[in-house]
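Novice:
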Amino acid sequence: MKKILCLLIIMILFGCQTQVPKVHVFVYDLSDPFIKGLSQTLENQGKRHFDIVTHDAQNSQIIQNEMIVEVLEKESPHLLIVNPVDRLGAYTIIEKVKQENIPIIFFNREPLLRDLERYDQVYYVGSKAEESGIFQAQIISNLVGGNPGKLNAVDVNADNTLQMVIFKGEQGHQDAEIRTDFVQSELIDLGYEIDVLKVIIANWSETEAYNHAKALFDVMYDEIEVIVSNNDAMALGIIQAMQEYHTLQVDLDENYVPYAIPIVGIDGIERALIMLQQGALYGTVINDSYQQALAIIDLGLALLDNDLDGLNYTLTDGYYIWIPYKKVT
Ligand code: BGC
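If you use the working numbering, the sequence shown corresponds to residues 2 to 330, in order.
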């Protein structure tokens, strides 16, 4: 009797067990701290619902394409979540996945609309880059006293014009292009005179920004009144170069009083928020990787249920979920 009961329990258990959906996440580069944070949330929260595996393309579109092909050949995944290395690379990925009829969610690197239009099971989760540029301009406006007619002491040479340097992310990345344009246009719209001394491309990288900032400070530290960085990782590199510049100046002249050029970043990664608390970073704009990850999971669940009405986020124009940015100073 006992044996039969056991058998029955086992049969019921196995009979009722539904298959856990197989989900593959492809990220452009896990050495990018913003992407690392986002993918950790995706894994931690996603594993409650999916059998989830993450693949790191180490910044190579060729490797990412190979990884996707391999997954499609080896198993039948239920859903792909892709952070393309090159946003233009999305075209090839969409064409490939379309043949298998699998839903795909892109994030962080936005495919062109004409590529999204090629397939009826493709979506994008991200944040509007325009908003982050505008928020950076508002933070700077606050920093200089809020009156374009009379800047405060941040205007070191008192010419009522803001001498700024912009550290730009990767060329062609929608966030790098749009943030760089919008921080300037918004400052101008607010009534400020700006003088962009340099736009330095540092590819989102702390190390690259550090090297560029070191070289820059050697030649023009005193002329720069504000530094705008397209992301926090680069801001961290700039802060390190600035601290070393101060040490060097004090070594050269013991009467030198170090003064910091205010820096404004974007992302709100943990190390940047610590710098903000310590006063080394003036402000940042939170690029909410946590909410982006939750929205991706929610959309994934809705797609697998075939029920987009059950979505907890607003789907705009049939393709997009936009997560708002937030200012922090
Ligand atoms: C983030 C950067 C990150 C980049 C990667 C941007 O949205 O602000 O920190 O390096 O995405 O694609």
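Glycine included, every Cβ here is placed at the ideal spot set by N, Cα and C.
1. In the DSSP assignment, what residue or residues form a beta bridge with W323?
2. Three or more C-beta pairs closer than 8 Å, one from the segment 180-187 and one from the segment 131-142: is that the case here?
3. Give a single yes or no on whether I202 has its beta carbon closer than 7 Å to a heavy atom of ligand 1.
4. In the DSSP output, which residue or residues are listed as bridge partners for L274?
5. Three or more C-beta pairs under 8 Å: does that hold for the segment 143-153 against the segment 203-216?
6. Quick one: using the 10 Å Cβ neighbour count with 16 as the cut-off for buried, is M165 buried or exposed?
7. Using only CA atoms, which one of F218, H50 and L191 lies nearest to K199?
8. Between L295 and A303, is the Cβ-Cβ spacing less than 8 Å?
9. Mind checking D223: buried by the 16 CB within 10 Å criterion, or exposed?
10. Identify, in the order they occur along the chain, each residue of the same chain with its Cβ nearer than 6 Å to the Cβ of V54, setting aside the five sequence neighbours on each side.
11. Which value, in whole angstroms, describes the spacing of the CA atoms of Y320 and G301?
12. Please state if the CB of F27 and the CB of N109 are separated by a distance shorter than 8 Å.
13. Any heavy atom of ligand 1 closer than 7 Å to the beta-carbon of D87?
14. What three-state label does DSSP hand L113 in the structure shown?
15. Tell me, to the nearest whole angstrom, how far the beta carbon of G269 is from that of D233; I am working on the premise that it is less than 8 Å.
16. Report the partner residues of H25 according to the DSSP bridge assignment.
17. Excluding five sequence neighbours on each side, which residues of the same chain lie with their C-beta closer than 7 Å to the C-beta of I13?
18. On the DSSP bridge list, what partners appear for M165?
19. Checking 8 Å against the spacing of the C-beta atoms, do T162 and E194 come in under that value?
Specialist: So, from the data block:
1. Note: W323 sits in a beta bridge opposite G127.
2. These segments touch.
3. In this structure, the C-beta of I202 stays at least 7 Å away from each heavy atom of ligand 1.
4. According to DSSP, L274 bridges with nothing at all.
5. With the cut-off at 8 Å, the segment 143-153 and the segment 203-216 do not touch.
6. Buried.
7. Looking at the Cα atoms, F218 is the closest of the given residues.
8. No, Cβ-Cβ distance for L295 and A303 is not below 8 Å.
9. If you draw a 10 Å sphere on the C-beta of D223, you find fewer than 16 other C-beta atoms in it, and that means exposed.
10. So the list reads H25, once near-sequence residues are dropped.
11. The C-alpha of G301 is placed about 13 Å away from the C-alpha of Y320.
12. No. Outside cutoff.
13. No, Cβ of D87 sits at least 7 Å from all heavy atoms of ligand 1.
14. Three-state result, L113: coil.
15. Yes, they are in contact, since the Cβ atoms of G269 and D233 sit about 7 Å apart, within 8 Å.
16. Beta-bridge pairing links H25 to V54 and L81.
17. Here I13 scores only 48 on pLDDT, less than 50, and its place in the model is too uncertain to base an answer on.
18. M165 pairs with V197 and V227.
19. T162 places its beta carbon less than 8 Å from that of E194.
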